[in-house]
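Have a look at the structure below before the remarks.
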Amino acid sequence: MSGVGEAGLVLGIISAIISIIDVTKQVYEAVDDEAGLPTNFKKSATKLPLISKLLEDAERYVNNVADESIQAAFTPTLKACKVQATHLQELFKTVMPEEGDSRWDRYGKAARTIGKGGRVESLVGGILDNLQLLATRFPEVTTPRGIDQLAKAIKEVTEMDPSLPDGFEQMPAYAHYGSGAQNINTGAGPQYNNNSTGNQLNGPGNQYIVAVKNEAKLSYHNSASHEQSIVGHNVTVHNHGIVATLETGTRGNKHWIVPRSVNNLFTGRIELLRRMKKALSNIDTSPTDERKIFVITGLGGQGKSEICLKVASLMREEFWGIFWVDVNTPYTAQNGFVAVAKELEYSVKNVPDALRVLANTKQSWLLILDNADDIDFNYQVYLPSGTYGTIIITSRVYGCRNYNTAGAEAIEGLEDQDSQELLFKAAELPQESWPFHKSEAGKVLRMLGSHTLALIQAGAYIARGHCKLDEYSKVYQKHRMRLLKSRPKQAQSRYGDVYATFEASADVLKQSKSEAANDALQLLEILSMLDSSVLTLQIFQNTWEGCREVLRKKCTIESDIDTVTTSHVSQLPTFIIADSDEWDSYRLTEARYLLASLSLVIQHDLDSSPGLSMHPLTHAWAKDRQNSKQQNVAWTATGCVLALSRFNTHIWRTQERRLLLHIQSFLDIRINRALSLGSKAIVVPILIKCGFTLLEMRRDSELDCLLEGIFVELRQKPEQPKEPEGS
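Here this note's numbering is used: the first residue of the sequence shown is 2, the next is one more, and so on.
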């Protein structure tokens, strides 16, 4: 088995044990009345949080260790843990309910079913012993504090008084139905156990339960001494007043339609994975429960699909079937659903028929709907009816989170430590050298906004020998587009490179051809000419107010060097309706909603006024995707927005610090190039208005550079200030 496969197997077992322990804790915590509960159940329950913590530590260790032999060494010990955890869960689920026979009676029966080692303290102690075995062989599997806590817990469990007598597993089983006395004959001779009305199985014979793959066989001799065998699912047998129910094992994966294995560079997301596993676990779930749907949204290239691959790998043994369908287009969706039905041995030709197959499949299944990225599509049509099954949806469309019933996550960049680790792995740097490169890595992280795919591409670029890690920042400044279009040879994303994954979102808007989509693209162009930090959208209302003032005064001819005219009004984006009698924010609101829905912008609330910001890479892409002519138009339109907004100076006073960044970004252009973008009557007033902003903000050196550039290009000499009269 490959290292990736071995790690996936080990992580899957750990995940399953954590889920089982979590359910066991929930069963115990749900009890209101502990009367009659064996003391060792209470004591054992106090060890469950520590077991979960130690397993989580082991999960992190396996996730980071690359040695296949170490991963393989975990498997037998963890399998033993899983068996013990499963028995422990069965004990708690049998004994905890307050209704029915006494808790002691139920405990004795359940422990005998398990056999030797079936005491509650023995099962907990066995799990702790196995975890100590791992910690002894691999000291880094947990913290020193964790090792101390483990040793203390083992000592406390060892000192517990036995909750059942020695040899309990060899005592004859008995059952008591209804009220009345019960006599137990443990010696030789006949036994007549039913002293009241009810059912009693008292004839000779044996009972066998044998698990066979996904079926089970039940054989027993009833009081008429005749044998009956039944093979099948969820069997209930009624005979001579005897009722036997067998829940067959649906655990273990039989059907696996997943496009590829987890990227061996996958790093971090531990908390999200844990929450998803807990939310989606089908352990202790009845068919009448509401179907579990988890939705992951976020910017393209952040690893939504990789997270699903990881979850599928970790939870594989919990689901009889795991099915992956790419719903990016109706064509890929139909192909995917038809393939699922075929895997289940049904011949269908369309999505509705395939959905009916899933809706009527009662075994546990997980359906992953990947790339639900069309803002105009109702993905409800891809959800099978009924309550069976579990579903994960990935989307760039934030609104898709409304499909969730079990949780939703809008993913962002990785944590710094995880981002550094991903970069180091992708760059193929020796692990022992990582501590010496943290400073250089930090610069790259800030520059790339900890974007997952961008970090992988940066690492691949370094690994290929194009530059060293400490040189990447400078190379990026010079060759940003080249680097962000660089594609790693291995572990490629669906779209290949960072810019391609963003462009897929823009394609959604271009194909829509609606007014709102066109407005969204224009707003994106405006934002690309400013800074990526938060921009208050109040500026667009101020721009409209400036338009009204220009139109009212009928400023059609330049009367001064900084005069803003109707020519500037005509350059504005179409979502600003200049000749409207009142400000209407509807089109702007729709445009920002579309961009936010596709995760291309981030929305903010600025004292009840909306604002937008962009991820640094999305911002870079939004500018780089435009050709030279488009950039010229966008720069001019943005300048007109800024110039006209200055008719109302209130926002420039109250939002001075935020707006300064946008002015500086807008002016990051050579003056001669700026003056080549349009007539001087358009460009010069824009530059002068920006100059007034710098003056008010006391950015004197920047203002000097701006004015000097303007005068040089206009071949003018600035007039010397006149001396005050009488001096």
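The beta-carbon is built from N, C-alpha and C at its ideal position, and this holds for glycine as well. Keep in mind the model is a prediction, meaning the values are calculated, not measured.
Around the beta carbon of residue 306, a 10 Å sphere encloses 16 or more other beta carbons of the protein chains shown; the residue is thus reported as buried. Residue 256: member of the beta strand (DSSP E) spanning 256-258, first to last residue. A distance below 8 Å between beta-carbons, with the five flanking residues on each side excluded, links residue 263 to the following residues of its chain, in chain order: 5, 9, 307, 310, 311 and 314.
Taking every protein chain shown into account, the CB of residue 629 has fewer than 16 other CB atoms within 10 angstroms, so this residue is exposed.
The three-state secondary structure of residue 326, taken from DSSP, is strand. For residue 328, the number of other beta carbons within 10 angstroms of its own is at least 16, and it is reported as buried.
Note that the C-beta distance between residue 37 and residue 103 is below 7 Å. For residue 694, the uninterrupted alpha helix (DSSP H) run begins and ends at 681-697, by DSSP. Only residues of its own chain outside the window of five on either side were considered, and among them 597, 613, 614, 615 and 616 have a CB closer than 8 Å to the CB of residue 603, listed in chain order. Non-local C-beta neighbours of residue 352 in its own chain, meaning closer than 6 Å and more than five positions away in sequence, comprise 335 and 338, ordered along the chain. Beta-bridge analysis with DSSP links residue 604 to 613. Nearest C-alpha to residue 562 among 681, 433, 699 and 460: 681. Bridge pairing for residue 371: 327 [DSSP]. Its chain contains 111 as the residues whose beta carbon lies nearer than 7 Å to that of residue 91, once the 5 sequence neighbours on both sides are disregarded; these appear in chain order.
C-alpha of residue 582 to C-alpha of residue 695: approximately 32 Å in a straight line.
When the alpha-carbon of residue 56 is set against those of 32, 691 and 83, the nearest one is in 83. Annotation: residue 269 to residue 661 spans about 36 Å, alpha carbon to alpha carbon. A direct Cα-Cα distance of roughly 6 Å separates residue 117 from residue 170.
Residue 166 and residue 23 have their alpha carbons spaced roughly 29 Å apart.
Judged by DSSP secondary structure, residue 591 falls within the alpha helix (DSSP H) whose first and last residues are 587-598. Taking the CA atoms as reference points, residue 371 sits about 40 Å from residue 134. Annotation for residue 394: the continuous beta strand (DSSP E) segment containing it runs 391-396. Of the other Cβ atoms in all chains shown, 16 or more fall within 10 Å of the Cβ of residue 405; this residue is therefore buried. Judged by beta-carbon spacing, residue 325 lies within the 7 Å limit of residue 259, meaning their Cβ atoms are closer than that value. When C-alpha distances from residue 627 are compared across 677, 86 and 523, the shortest belongs to 523. By the C-beta criterion, the region 404-423 is judged not to be in contact with the region 521-541, since fewer than 3 inter-stretch pairs fall below 8 Å. Taking a C-beta distance under 7 Å as the contact criterion, residue 474 and residue 451 do not qualify as a contact pair. In terms of Cβ geometry, residue 635 and residue 526 form a close pair [threshold 7 Å]. Looking at 532, 39 and 567, the one whose alpha-carbon comes closest to that of residue 548 is 567. Rounded to whole angstroms, the gap between the alpha carbons of residue 330 and residue 358 is 21 Å. The count of Cβ pairs closer than 8 Å, one atom from the region 424-439 and one from the region 462-476, reaches three, so the stretches are in contact. For residue 32, the three-state secondary structure derived from DSSP is coil.
Measuring C-alpha to C-alpha distances from residue 396 to each of 35, 295, 418 and 59 identifies 295 as the nearest. The continuous beta strand (DSSP E) containing residue 295 extends over residues 293-299.
The alpha-carbon of residue 18 is positioned some 51 Å away from that of residue 514. Per DSSP, reduced to three states, the secondary structure at residue 280 is helical.
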